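Q:
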Amino acid sequence: MKLNNNQAVFWCRDETDFMRMKQVMADPETWPKTYAEFAADGEELIAKAWKQGVLITKVEADPDAFVTWCKVEGRQPDRRARIMYAVQQFDRLPKNTN
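Residue numbers (my numbering): 2 to 99.
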């Protein structure tokens, strides 16, 4: 299968980072209650995208780095900021040019 699109998804490395993120988010009510739910939802999104020829890369977000980024960018730590952060960090990743 040829993948015709690359996208990023904001990802927490583990339960500790997930809980720290929920504490700093302006919209914690929009997040799953547990890391297990968060990870399952994310994996389902990635699998569905793969079937449509879209490659999604997990962008692991360090809570401290994300909060700092939000302050520098003048953004609330919310859904929109998570998307923008993931895209910006994804753009900085080395790309396979093969």
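Quick reminder that beta carbons are idealized off the backbone N, C-alpha and C, glycines included. Since the structure is predicted, the reported quantities are computational estimates derived from the model, not experimental observations.
(1) What do you get for residue 84, buried or exposed, if any count of 16 or more other CB atoms within 10 angstroms of its CB means buried?
(2) Could you pull the start and end residues of the alpha helix (DSSP H) that residue 74 belongs to?
(3) Excluding five sequence neighbours on each side, which residues of the same chain lie with their C-beta closer than 7 Å to the C-beta of residue 91?
(4) With DSSP as the reference, please indicate the residues paired to residue 88 in a beta bridge.
(5) How far does the alpha helix (DSSP H) with residue 46 in it reach, from first residue to last?
(6) How far does the beta strand (DSSP E) with residue 31 in it reach, from first residue to last?
(7) Let's see if you can read the secondary structure: which residues bound the beta strand (DSSP E) around residue 77?
(8) In angstroms, rounded to a whole number, what distance separates the CA positions of residue 69 and residue 19?
(9) With DSSP collapsed to three states, give me the class of residue 99.
(10) Please state if the CB of residue 7 and the CB of residue 54 are separated by a distance shorter than 8 Å.
A: Working from what's here:
(1) The residue is exposed, with fewer than 16 neighbouring Cβ atoms inside 10 Å.
(2) Segment 64 to 74, the alpha helix (DSSP H) holding residue 74.
(3) For residue 91, where only same-chain residues beyond five positions count, the Cβ hits under 7 Å are 9, 58, 60.
(4) Bridge partners of residue 88: none, in fact.
(5) Counting along the chain, the alpha helix (DSSP H) containing residue 46 begins and ends at 36 to 52.
(6) Taken as a continuous stretch (DSSP letters only), residue 31 belongs to no beta strand (DSSP E), as it is neither H nor E.
(7) Here residue 77 belongs to no beta strand (DSSP E), and DSSP marks it neither H nor E.
(8) As the crow flies, the alpha-carbon of residue 69 is around 17 Å from that of residue 19.
(9) No answer about residue 99 holds up, because its pLDDT of 49 lies below 50 and its placement is not dependable.
(10) No, these two residues do not count as a Cβ contact at 8 Å.
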